[in-house]
Amino acid sequence: MSTSTPFVLRPAQPQDKWAIQRMLWQFTWDEGIELDIRLFGYAFFRLGLVGLALWLQFQWRQSTTMVDVEFILVVTSVATVGLGFYLASLVTGQLMMRFCGALINWSRFRVIEKDEALVGCALLNSYTNHSELAYVFVQSQFRHQGWGSQIVQTLIQESSEDVYLACKPQVVPFYQQLGFSIQPWADLPAGVKRCFRVFRPHPRLWKFKLNFMRCPVAPVTPSEATHLSESAPRS
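First residue of the sequence shown: 7, per our numbering; consecutive thereafter.
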């Protein structure tokens with residue numbers, strides 16, 4: 007007689023925070039490190055340009071005696087400092103979300119549990135007119151058992167709006183079999199573009215291909231939503 011416990015697909019709980027965060031670190035290392043190198047490399051490059059511009063303005067101020075020019079340089083320096091703080095805040099926020107995002111957004115995750123340990127997760131962010139699917143991850147030794155598909159289907163069923171995601175080309179067939187279709191950037195709604203602005207076609211993503219996908223979602227009645235929440239798979 008087998009003593010192995012079944013898989014359980016359930017909403018995340020507060021005690022799952024660190025386990026989810028460790029899976030996100032693994033996900034980033036396995037799937038997103040090339041993307042992060044490009045995104046953060048470009049962000050720090052922009053900060054470097056701002057710092058260089060500020061240094062040049064300071065040097066120019068030291069070498070000029072013209073009051074009008076000094077005034078213009080002071081105003082320009084203040085604006086440059088403001089731009090630098092803005093860019094630095096964006097980078098800081100993105101770094102925080104990479105390193106400890108699950109500690110903040112844990113309640114939006116679904117997790118797969120086996121033998122009292124988490125072996126997979128996925129995140130659904132809900133907005134006014136759409137939902138965003140992200141961080142679909144199953145540990146390597148538990149893949150090809152249908153749990154990646156199951157957790158995605160569960161989150162689609164829980165969404166009241168169309169679900170969008172950004173992914174690499176090699177996983178496009180996986181999502182297509184679950185009802186997603188590729189959407190060109192130009193065809194995405196404005197709200198979706200705002201959410202995916204960091205992934206938009208841009209020179210910083212040179213030679214790094216991303217696909218945007220959409221899954222249409224039919225409206226869910228309250229009775230259906232209750233049924234779905236009570237029928238999470240347990241095998």
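By construction, the Cβ of each residue, glycine as well, lies at the ideal position given by its N, Cα and C atoms.
Residue-chain proximity (residue i, chain C), Cβ-Cβ < 7 Å
i     : result
Gln63 : Of the protein chains in the structure, only one exists, and it is not chain C.
Member of the options whose CA lies at the smallest distance from the CA of residue i
i      : options                           : result
Ser113 : Ala18, Val177 and Arg206          : Ala18
Phe105 : His136, Arg28 and Asp168          : Arg28
Leu58  : Gly90, Leu30, Glu76 and Asp74     : Gly90
Gln182 : Gln163, Arg220, Ser146 and Ala192 : Arg220
Trp191 : Phe218, Val177, Arg200 and Ile39  : Phe218
Pro222 : Glu164, Gly38, Phe13 and Glu40    : Glu164
Val274 : His136, Leu30 and Ser166          : Because the chain spans 7 through 241 in this model, residue 274 falls outside it and cannot be assessed.
Ser132 : Gly154, Asp168 and Val158         : Asp168
Glu37  : Val84, Lys213 and Val177          : Val177
Coarse secondary structure for residue i, derived from DSSP in three states
i      : result
Pro179 : helix
Arg240 : With a pLDDT of 41 at Arg240, under the threshold of 50, the modelled position of that residue is not reliable, and the figure given next carries that caveat. Of the three classes helix, strand and coil, the one that applies to Arg240 here is coil, per DSSP.
Gln21  : helix
Val14  : strand
Ser235 : Residue confidence for Ser235 is low, a pLDDT of 45 falling below 50, so the modelled location carries little weight; the figure read from the coordinates is stated next. Helix.
Glu119 : strand
Ala128 : strand
Ser187 : strand
Trp212 : coil
Tyr92  : helix
Thr98  : helix
Met103 : helix
Thr134 : coil
Close beta carbons around residue i, own chain, < 7 Å, minus the five adjacent residues each side
i      : result
Leu211 : Arg44
Thr86  : Val56, Ala59, Leu60 and Gln63
Phe205 : Ala172 and Leu216
Endpoints, the beta strand (DSSP E) within which residue i is located
i      : result
Tyr48  : No beta strand (DSSP E) holds Tyr48; the alpha helix (DSSP H) holding it covers Ile39 to Ser69.
Ala140 : Ser137 to Val144
Arg220 : Asn217 to Cys221
Boundaries (first-last residue) of the alpha helix (DSSP H) holding residue i
i      : result
Val169 : No alpha helix (DSSP H) holds Val169; the beta strand (DSSP E) holding it covers Val169 to Cys173.
Val198 : Ala196 to Cys201
Gln159 : Trp153 to Glu164
C-beta atoms of residue i and residue j nearer than 7 Å
i      : j      : result
Tyr123 : Lys23  : Strictly speaking, residue 123 in this sequence is Ala, with Tyr absent from that position. Result no, Cβ atoms of Ala123 and Lys23 do not sit closer than 7 Å.
Leu93  : Leu53  : yes
Glu119 : Tyr170 : no
Phe51  : Tyr141 : no
Leu194 : Leu161 : no
Sequence-distant residues of its chain with Cβ nearer than 8 Å to residue i (five each side left out)
i      : result
Asp42  : Thr34 and Arg104
Lys215 : Lys174 and Pro175
Gly47  : Arg210
Glu76  : Arg67 and Thr70
Ile26  : Ala18, Ala108, Trp112, Phe115, Val117, Leu124 and Cys127
Gln145 : Met29, Gln32, Val125 and Gly126
Close Cβ partners of residue i (< 6 Å) along its chain, the five nearest in sequence each way excluded
i      : result
Glu236 : For Glu236, the pLDDT reaches just 46, beneath the cut-off of 50, and the residue's location in the model is therefore unreliable, leaving the point undetermined.
Phe202 : Ala172
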